[in-house]
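Engineer: Quick one: this structure, given as structure tokens, is what I'll be asking you about.
Residue numbers (the numbering used here): 8 to 195.
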């Protein structure tokens, strides 16, 4: 992907390209090792305003039961005892503010909802490139990172869990979005 496109050319409505997007996390376990995982099912979109990034907006829905760490037993614990996916099937992020921080960097502030608890967070995103694919679709790539304290959302099982697994979790996003083509029939 190239990053030489003018920001004004990015204005439009986009849908998350789930085939080219990865939403992962890293947590320390017993302070000696790291557990890496990812979510396999999610959806989302964005409205980007290249002239005035503050008018941009992002929405992301992660299906909590799609968590995968490579260990089926641990995944079952995460789904049941930590994320309570039966009662809270989705993790959501809805932006409330977007600010360009220079160059290709952006701070996206929004409400992160996990287990029904809503808390504000700010994610730093970096524009990694743009491209027109062979089929004519216009794509934009971003990376983002956020360190959060999972206990602020009640993502805990018992007191021993905080000793065994650090409350700090790094979320990593490698996202690609595709510009939606306006339909002549829908007017959008």
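Even glycine gets a Cβ: it sits at the ideal position worked out from N, Cα and C.
Keep in mind that this is a model prediction, so the values were computed, not measured.
Using the C-alpha atoms, what's the distance from residue 43 back to residue 78?
Structural biologist: The residue given as residue 78 occupies position 71 in the chain shown. The residue given as residue 43 occupies position 36 in the chain shown. One C-alpha to the other measures close to 10 Å.
Engineer: Assuming residue 162 and residue 32 form a contact by the criterion Cβ under 8 Å, report the distance between their Cβ atoms to the nearest whole angstrom.
Structural biologist: By 1-based counting over the chain shown, the position of residue 162 is 155. By 1-based counting over the chain shown, the position of residue 32 is 25. 11 Å between Cβ atoms; not a contact.
Engineer: When you compare the CB positions of residue 59 and residue 184, do they come within less than 8 Å of one another, or not?
Structural biologist: Numbered from 1 along the chain shown, position 52 holds the residue referred to as residue 59. Numbered from 1 along the chain shown, position 177 holds the residue referred to as residue 184. Going by C-beta atoms, residue 59 is not nearer than 8 Å to residue 184.
Engineer: Closest to residue 76 by C-alpha separation, out of 19, 125, 41, would be which residue?
Structural biologist: Translated into positions along the chain shown, residue 76 becomes position 69. With distances taken between Cα atoms, residue 76 lies closest to 41.
Engineer: From the DSSP output, in three-state form, read off residue 187 for me.
Structural biologist: What you label residue 187 is simply residue 180 of the chain shown in a count that begins at 1. The answer is coil: DSSP assigns residue 187 none of H, G, I, E or B.
Engineer: Is DSSP giving residue 111 helix, strand or coil here?
Structural biologist: For the purposes of this step, residue 111 is identified with residue 104 of the chain shown, where counting begins at 1. Here residue 111 sits in coil by DSSP.
Engineer: What three-state label does DSSP hand residue 142 in the structure shown?
Structural biologist: Against the chain shown, residue 142 aligns to sequence position 135. Reduced to three states, the DSSP call for residue 142 is coil.
Engineer: Span of the beta strand (DSSP E) holding residue 41?
Structural biologist: As a position in the chain shown, residue 41 is number 34, starting the count at 1. Unbroken beta strand (DSSP E) run through residue 41: 40 to 46.
Engineer: What is the C-beta distance between residue 180 and residue 150, in whole angstroms, given that I count them as a contact (C-beta under 8 Å)?
Structural biologist: Mapped onto the chain shown, residue 180 falls at position 173. Mapped onto the chain shown, residue 150 falls at position 143. Yes, residue 180 and residue 150 are in contact; Cβ-Cβ is about 7 Å, under 8 Å.
Engineer: With a Cβ-Cβ cutoff of 8 Å, do residue 128 and residue 34 count as a contact?
Structural biologist: Along the chain shown, one-based indexing puts residue 128 at 121. Along the chain shown, one-based indexing puts residue 34 at 27. Cβ distance not < 8 Å, so residue 128 and residue 34 don't count as in contact.
Engineer: Given this structure, state the Cα-to-Cα distance separating residue 158 from residue 16, to the nearest angstrom.
Structural biologist: As a position in the chain shown, residue 158 is number 151, starting the count at 1. As a position in the chain shown, residue 16 is number 9, starting the count at 1. Taking the straight line from one Cα to the other gives about 41 Å.
Engineer: Taking the alpha carbon of residue 219 as the point to measure from, which residue in 54, 98, 47, 143 has its own alpha carbon closest?
Structural biologist: Look at the range of the chain in this structure, 8 to 195, and you will see that residue 219 is not part of it.
Engineer: With H, G and I counted as helix, E and B as strand and the rest as coil, what does DSSP make of residue 159?
Structural biologist: Along the chain shown, one-based indexing puts residue 159 at 152. Note: residue 159 maps to helix in three-state DSSP.
Engineer: Name the DSSP beta bridge partners of residue 61, please?
Structural biologist: Taking the first residue of the chain shown as position 1, residue 61 is located at position 54. Note: residue 61 sits in no beta bridge, so no partner.
Engineer: Roughly how many angstroms separate the alpha carbons of residue 103 and residue 117, rounded to a whole number?
Structural biologist: On the chain shown, residue 103 is found 96 positions in, with the first residue counted as 1. On the chain shown, residue 117 is found 110 positions in, with the first residue counted as 1. Distance between the alpha carbons of residue 103 and residue 117 is about 5 Å.
Engineer: With H, G and I counted as helix, E and B as strand and the rest as coil, what does DSSP make of residue 181?
Structural biologist: In the chain shown, counting from the first residue as 1, residue 181 sits at position 174. Of the three classes helix, strand and coil, the one that applies to residue 181 here is strand, per DSSP.
Engineer: Taking buried to mean at least 16 other C-beta atoms within 10 Å of its own C-beta, is residue 27 buried or exposed?
Structural biologist: For the purposes of this step, residue 27 is taken as residue 20 along the chain shown, with counting starting at 1. Exposed, by the Cβ-count rule.
Engineer: So residue 109 and residue 133 are supposed to be a Cβ contact under 8 Å. How far apart are they, rounded?
Structural biologist: On the chain shown, position 102 is the one that residue 109 refers to. On the chain shown, position 126 is the one that residue 133 refers to. Contact flag wrong, Cβ pair sits at about 11 Å.
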